[in-house]
Amino acid sequence: MRRIAVAVVLLLGACRPPPAEDAPASEDAFERAAAEMKKELGEDFIVQRTGVFVLAGNLSTRNLSRFKTETVEACARALWNDFFASKPEYPIRIYLFRDRASYRKWVKKLAGFEPHSPYGFYLPDSKSLMMNIATGGGTLVHEMTHALTAPDFADCPTWLFEGLGCLFEQCRVTPSGHIKGMVNWRLPVLRRGGFVPLEELVKMSDVEFRGENEPLNYANARYLCFYMQERGLLRKFYKTFRKAHNAGEDQTGWASFNKVIAAASVTPAEFEKNWHAWVKTLKWPIR
Ligand SMILES: [Zn+2]
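Residue numbers for the sequence shown follow the working numbering, beginning at 26 and rising by one.
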């Protein structure tokens with residue numbers, strides 16, 4: 026099994042669901058994106074296209090190829106296989122900066138601000154991911170998950186948008202091409218801060234989610250998605266909810282959640298109790 030290199034990441038407020046409407050792009054748009062990236066970055070960077078992604082990095086060819094194959098291509102394929110039916114019809118630009126200094130320098134130059142995260146972020150308007158890749162691939166997968174959720178589930182509620190992003194920041198891709206989240210550093214955040222009541226979490230607005238308990242809300246959303254994954258319910262929930270949301274029948278996910286767990290013969294109270302008990306069995310760090 027292939028493990029994705031992961032760093033300790035902190036993405037508080039780093040990423041928000043992007044606007045829903047995106048016009049389809051022609052093949053020219055991908056070539057144009059690659060040409061623009063070559064021009065803006067200069068000769069120290071390698072620029073490569075793979076599918077909907079245009080990658081640029083001031084890394085060795087070997088390292089860039091490793092992130093391209095083992096992280097970007099493997100995770101995107103698995104995410105489409107497991108969750109997303111609609112693919113982006115526009116280029117997603119991925120900038121992999123080799124260290125902190127070049128990350129800070131280039132973010133300022135390209136995006137016009139000092140990076141608020143030391144690890145990386147996604148800019149929905151320009152469909153760009155900018156990474157300090159020296160910190161590992163965890164943030165890259167988190168932000169890629171956002172970039173691929175956006176065209177598939179417009180207006181995805183924040184708890185699920187971030188729950189999925191956080192879940193896959195520590196993941197593996199199985200030989201049969203499925204993506205599986207694993208335990209990570211957000212476990213002690215959850216243990217220290219405690220559980221948010223299930224119904225409250227699933228009905229949380231963006232403003233509430235990103236309020237003063239944001240780190241704890243991230244951790245709760247992650248470990249709720251993780252538990253659904255372990256119960257074999259996450260993919261079913263995502264697809265059920267996306268359909269209900271598109272039909273205007275479920276804004277938060279709570280109705281779809283109830284429907285999916287009822288089919289598994291579990292009540293919300295039982296599910297919540299079992300979720301808490303399961304989290305207590307997890308271990309971090311893994312020795
Ligand atoms: Zn995020």
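Heads up, the beta-carbon is just placed ideally off N, CA and C, and yes, glycines get one too. Here the structure is a predicted model, which is why all the values come from computation and not from measurement.
Distance cut-off 7 Å: residue i Cβ against heavy atoms of ligand 1
| i | result |
| --- | --- |
| residue 239 | no |
| residue 187 | yes |
| residue 171 | yes |
| residue 167 | yes |
Residue i and residue j closer than 8 Å at C-beta
| i | j | result |
| --- | --- | --- |
| residue 215 | residue 244 | yes |
| residue 120 | residue 153 | yes |
| residue 116 | residue 58 | yes |
| residue 233 | residue 293 | no |
| residue 166 | residue 250 | no |
| residue 291 | residue 261 | no |
| residue 278 | residue 296 | no |
| residue 247 | residue 211 | yes |
| residue 202 | residue 106 | yes |
| residue 139 | residue 133 | yes |
| residue 150 | residue 183 | no |
| residue 209 | residue 309 | yes |
| residue 289 | residue 259 | no |
| residue 93 | residue 75 | yes |
| residue 62 | residue 118 | yes |
| residue 255 | residue 303 | yes |
| residue 81 | residue 66 | yes |
| residue 242 | residue 229 | yes |
Residue i beta carbon near ligand 2 (any heavy atom closer than 7 Å)
| i | result |
| --- | --- |
| residue 190 | With respect to small molecules bound, the structure shown includes ligand 1 and not ligand 2. |
Cβ of residue i within 8 Å of any chain C Cβ
| i | result |
| --- | --- |
| residue 162 | In summary, chain C is missing from the structure at hand, where a single protein chain is found. |
Supposed contact pair residue j and residue i - C-beta distance, whole angstroms, cut 8 Å
| i | j | result |
| --- | --- | --- |
| residue 207 | residue 197 | 6 Å |
| residue 122 | residue 158 | 6 Å |
| residue 226 | residue 173 | Not confirmed; about 23 Å, so no contact. |
Report yes or no: do the region 78 to 91 and the region 176 to 189 share at least 3 C-beta pairs separated by less than 8 Å?
No: fewer than three Cβ pairs fall under 8 Å.
Okay, do the region 132 to 146 and the region 105 to 116 touch, 3+ Cβ pairs below 8 Å being the bar?
As far as the Cβ criterion goes, the region 132 to 146 does not touch the region 105 to 116, which means the pair count is below three.
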